[in-house]
Amino acid sequence: MKKHCNNIVLAVALVACLSVQMSCHAAEAPATATNVELQQQGHVGVSDATTLVSYKLALQWPPGACSVSYKCKGDIPKTFTIFGLWPQNSYNYGVPPYSKDPSCTSLKPVPTDRIMGLLQKADLVEELTEAWPNLKNSKYPPKNQQFWEHQWEQNGMCTDFGDNPIQYFKTAINLRDQFVKVYQPPSGGSYKVKVLLQRVKNVAKATPEIVCRKQIGTNTTIVGELHLCYKKGNLTPEGIEDCKRPFSGICKSELDVVKFL
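Here it is, written out as structure tokens:
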């Protein structure tokens, strides 16, 4: 009788274990788009979060950028200037900095404290001051230096140019220069986002991303930045491709009206 009771207890325990196991599997979250987004926000791990698949050339429209949050000093350029050349992963998120995840590259990146010496040796400082200024005070060399070093540390180290910062900065300058040669920004006025997208696409041959911002002290939506997207391995005007999203910031639709300051 005692042996029979033991067998019953074992059977009940086995059924209970199987029930718990089935419940655990049933509770697993499905692989939805939302979960993928959560992975990219760092809530769960993802193996390819640092995988470089494309680039964004982020250009600032100085009159707009200086009307959002910057306290700009000196002359404000009336042409697009570089904000950064950013490595992107397959989810259209920026690849995390090398300091946070060295697995972003198989190269050994040049340390940040060597950047200015290399830029000076390559005679790039003057070009960078024009094409890639720190709008907070573009005429104050230490501010520009901080900006370039920051962009290198945050973005350049995880690009294909991690061991060649001169090529990284030259590539960004060349892409920017080619774009401003063919695109004439509006001289003020308000436009639907889709109109501006088409005008850029007509000359750049790809859809950009327009970044909408709110002007300080008003409810006016303005153009703050313009992003151009490029294929990995072809950072040339011919390597441009459609950005995954055509607008960002406070714009919600291509029908939104934005102002070019």
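Take the sequence shown: its letters are residues -26 to -1, 1 to 235, numbered as in mature numbering (1 follows the signal peptide of the UniProt record, and there is no 0). Yeah, the Cβ is synthetic: ideal placement off N, Cα and C, and Gly gets one too. Please read all numbers here as calculations on a predicted model, not as lab measurements.
Residue i burial status per 10 Å Cβ neighbour count (16 or more: buried)
i           : result
residue 79  : buried
residue 190 : exposed
residue 247 : Nothing can be reported for residue 247, as the shown portion of the chain is limited to -26 through 235.
residue 202 : buried
residue 229 : exposed
residue 285 : Nothing can be reported for residue 285, as the shown portion of the chain is limited to -26 through 235.
residue 88  : exposed
residue 219 : exposed
residue 74  : exposed
residue 155 : exposed
residue 217 : buried
residue 4   : Caution is warranted here: a pLDDT of 31 is assigned to residue 4, below 50, making its placement in the model unreliable, and no coordinate value can be reported.
residue 223 : buried
residue 161 : exposed
residue 77  : exposed
residue 128 : buried
residue 231 : exposed
residue 199 : buried
residue 172 : exposed
residue 41  : buried
residue 130 : buried
Coil, strand or helix - residue i by DSSP
i           : result
residue 142 : helix
residue 155 : helix
residue 42  : coil
residue 30  : strand
residue 136 : coil
residue 3   : Caution applies to residue 3, whose pLDDT of 31 falls short of 50 and renders its modelled position unreliable; the value that the coordinates give is listed next. DSSP places residue 3 in coil when its eight states are reduced to three.
residue 233 : strand
residue 227 : coil
residue 112 : coil
residue 37  : helix
residue 193 : coil
residue 147 : helix
Residue span of the alpha helix (DSSP H) that contains residue i, given as start and end
i           : result
residue 83  : Residue 83 -> no alpha helix (DSSP H), and no H or E assigned at all.
residue 89  : 89 to 95
residue 61  : Premise fails: residue 61 lies in the beta strand (DSSP E), 55 to 62, not in any alpha helix (DSSP H).
residue 175 : 167 to 178
residue 122 : 115 to 128
Residue i - containing beta strand (DSSP E), residue span
i           : result
residue 103 : No beta strand (DSSP E) contains residue 103, which is instead part of the alpha helix (DSSP H) from 99 to 105.
Residue i - partner residues in DSSP beta bridges
i           : result
residue 185 : 199 and 222
residue 77  : Note: residue 77 sits in no beta bridge, so no partner.
residue 68  : 62
residue 161 : According to DSSP, which records beta bridges pairwise, residue 161 is partnered with nothing at all.
Contact with chain B by residue i, beta-carbon distance below 7 Å
i          : result
residue 98 : This model lacks chain B altogether, as it is built from one protein chain only.
Query raised in the report: Fully enclosed by the stretch 201 to 225, which beta strand (DSSP E) runs are 3 residues long or longer?
Result: 221 to 223
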